[in-house]
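Accompanying notes for the structure given below.
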Amino acid sequence: GLSMPLAAGTINQDSADTLGTDFTCTVENNPTYTVTIPSAVTISQNGTVVDITAENVANLGDQEISVTIGGTDYFRNQLVLEGEASNGQKKVLRYQIIKSDGTTIETTGTDTATGTELAAFTEDGTVNYTVKPVIAASTSKGVTYTGSMTYGISLVDAQ
């Protein structure tokens, strides 16, 4: 094959010309985004939908915004709420997170949900999940269970 340099300048020992190179460098804007997640949710016994919203998404390049489970306030980051019965006994209530695609995330004591992706954004939008208590016959009634979950929000290579 024939290869030719494009717009290259050439001089030799007899030339009076000078050579120059025009440089162009585009510095991309930094990625921007705003992710909004409710700071408090009351979970109904049938489950409650939680919205994760991304706005002002720009300049991501070949990356996406990934929202993952960062951890919980319970031992080993288990998906567990805690309460206290009227007699002072500590009680626990497991919960599940059901992603918008139907995938159920839960913990069983030895595993963790930390790092599990809940949503990914390449543009403005809303993705939701449902948080649902696992109520069994043995679940203590008349107890208010509480707990918290944190999120990891980062830019990752787009899938």
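Per our numbering, the sequence shown starts with residue 93, numbered consecutively. No residue lacks a Cβ here, since even glycine has one placed at the ideal position from N, Cα and C. Small disclaimer: the values here were computed from a predicted structure and weren't measured.
The three-state secondary structure of N220, taken from DSSP, is strand.
The continuous beta strand (DSSP E) containing K182 extends over residues K182 to K191. For D114 and N151, the gap between their C-alpha atoms comes out near 26 Å.
In this structure, DSSP gives F213 an extended state, which the three-state scheme calls strand.
Beyond the five residues adjoining it in sequence on each side, D154 comes within less than 8 Å, by CB distance, of D249 and A250 in the same chain, given in chain order.
Ranked by Cα distance from T134, the options G239, Y243 and L247 are led by G239. CA-to-CA, the gap between L111 and I103 works out to about 8 Å. Here T116 has no same chain residue with a Cβ atom under 7 Å from its own Cβ, once five neighbours each way along the sequence are excluded.
Each residue's CA atom was taken as its position, placing P225 and V172 some 9 Å apart. The Cβ-Cβ distance between Y125 and G175 does not fall below 8 Å. Below 8 Å, enough C-beta pairs join the region 207–227 and the region 188–196 to call them touching: three or more. Within the same chain, Cβ atoms closer than 6 Å to the Cβ of E209 are found at S158 and T160, the five residues on either side in sequence being excluded. For E156, the enclosing beta strand (DSSP E) begins and ends at Q155 to T164. Between E215 and V127, the C-beta spacing is not below 8 Å. Look at N169 here: in three-state DSSP terms it is helix.
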